[in-house]
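Residue numbers for the sequence shown, in our numbering: 318 to 524. For each residue, glycine too, the CB sits at the ideal point set by N, CA and C. No experiment lies behind these values; they were computed from the predicted model shown. One structure below.
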Amino acid sequence: AAAARAGGVVAVTDPADNPLSGGAADTPGLFAALLAERRDPASPVQRWPAGHIVFAYFADAPLVQRAHEAGVGAWIDWRLGGRLSSDYGAPVPWRAQVRRLTDGRFVNRGPMERGGVVQLGRTVLLEGEGVRLIATEAVGAANDPGFFELHGIALEAPLLLVVKAKNHFRAAFEPLCAAIFDADLPGPAAADLATLPFARARWMPGP
Numbered sequence: 318a319a320a321a322r323a324g325g326v327v328a329v330t331d332p333a334d335n336p337l338s339g340g341a342a343d344t345p346g347l348f349a350a351l352l353a354e355r356r357d358p359a360s361p362v363q364r365w366p367a368g369h370i371v372f373a374y375f376a377d378a379p380l381v382q383r384a385h386e387a388g389v390g391a392w393i394d395w396r397l398g399g400r401l402s403s404d405y406g407a408p409v410p411w412r413a414q415v416r417r418l419t420d421g422r423f424v425n426r427g428p429m430e431r432g433g434v435v436q437l438g439r440t441v442l443l444e445g446e447g448v449r450l451i452a453t454e455a456v457g458a459a460n461d462p463g464f465f466e467l468h469g470i471a472l473e474a475p476l477l478l479v480v481k482a483k484n485h486f487r488a489a490f491e492p493l494c495a496a497i498f499d500a501d502l503p504g505p506a507a508a509d510l511a512t513l514p515f516a517r518a519r520w521m522p523g524p
């Protein structure tokens with residue numbers, strides 16, 4: 318609801334699965350929540366037109382392979398997230414159409430590592446239920462505008478970016494966004510360490 322009120326380009330981040338904090342771009346929680354909101358006719362998420370909601374991203378090499386074999390325009394049924402571990406939620410079933418295939422290579426143009434070449438392995442842009450989703454072969458970071466431009470995504474309103482990212486994301490995107498909201502979800506880099514399944518370490522809460 319807060320994101321809907323902000324208008325313009327709005328980002329919702331998932332710090333707990335940020336690849337630069339120990340995440341693997343695999344937890345399903347935020348994507349599951351996004352689809353639930355998208356399927357609810359009363360949800361404020363309905364204010365964004367179809368195709369103007371972008372989820373970035375899942376690192377899922379088998380999905381990318383399947384999409385490249387199927388080709389642009391093909392429809393794919395897949396289970397997203399929870400591929401590496403079920404600790405943070407079950408995979409999310411989804412049906413989507415292949416919209417774009419890339420070699421996963423771009424050059425950073427934002428303030429973080431400007432000019433650096435990024436190689437994500439092959440990638441795919443899928444679209445279903447009005448949501449566009451990026452999947453990659455390799456784990457990287459969605460911290461630069463080039464990540465989205467590679468997939469034909471214009472960073473201009475109206476746009477809701479749902480991104481597995483944390484602090485580094487803000488360097489390039491704060492000037493572009495009307496608002497950035499951090500979601501509190503299960504993941505290997507969760508802010509609340511008490512939510513992690515410690516097996517051999519005692520949890521020592523602060524004063």
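Practice task
My understanding is that alanine 413 touches lysine 481, with C-beta atoms under 8 Å, so please give their C-beta distance in whole angstroms.
Solution key: Between alanine 413 and lysine 481 the beta-carbon gap is near 18 Å, outside 8 Å, which marks them as no contact.
Problem - Beta-bridge pairing of alanine 373 - partner residues as DSSP gives them - result: According to DSSP, alanine 373 bridges with Ile451 and Val480.
Problem - Option in Glu444, Thr330 and Glu466 with minimal Cα separation from valine 424 - result: Of the candidates Glu444, Thr330 and Glu466, the one whose C-alpha sits nearest the C-alpha of valine 424 is Glu466.
Handout entry: Environment of proline 492 [buried if 16+ CB atoms lie within 10 Å]
Key = Exposed.
Problem - Beta-carbon proximity of aspartate 334 to glycine 504, cut-off 8 Å - result: If you check the CB distance, aspartate 334 and glycine 504 come in under 8 Å.
Handout entry: Proximity below 8 Å, CB of valine 371 to CB of isoleucine 470
Key = In contact: valine 371 and isoleucine 470 (Cβ atoms closer than 8 Å).
Problem - glutamate 444 - containing beta strand (DSSP E), residue span - result: Counting along the chain, the beta strand (DSSP E) containing glutamate 444 begins and ends at 440 to 445.
Handout entry: Nearest-angstrom beta carbon gap, leucine 478 and valine 362 [assumed within contact, 8 Å]
Key = Not really, about 13 Å apart at Cβ, beyond 8 Å.
Practice task
Indicate whether at least one CB of chain D lies closer than 8 Å to the CB of alanine 350.
Solution key: Among the protein chains of the structure shown there is no chain D, as only one such chain exists.
Handout entry: Alpha-carbon to alpha-carbon, leucine 443 and aspartate 394
Key = The alpha-carbon of aspartate 394 is positioned some 11 Å away from that of leucine 443.
Exercise for the section: Would you mind reading off the limits of the beta strand (DSSP E) that contains glutamine 436? Expected result: Start and end: 434 to 436.
Practice task
Return helix, strand or coil for alanine 328, following the three-state DSSP convention.
Solution key: Of the three classes helix, strand and coil, the one that applies to alanine 328 here is strand, per DSSP.
Problem - Selected residue, minimal CA-CA separation from alanine 342, among Gly406, Leu510 and Gly433 - result: Nearest Cα to alanine 342 within the set Gly406, Leu510 and Gly433: Gly406.
Practice task
Find out if the Cβ-Cβ distance for the pair alanine 508, proline 366 is shorter than 8 Å.
Solution key: No. Outside cutoff.
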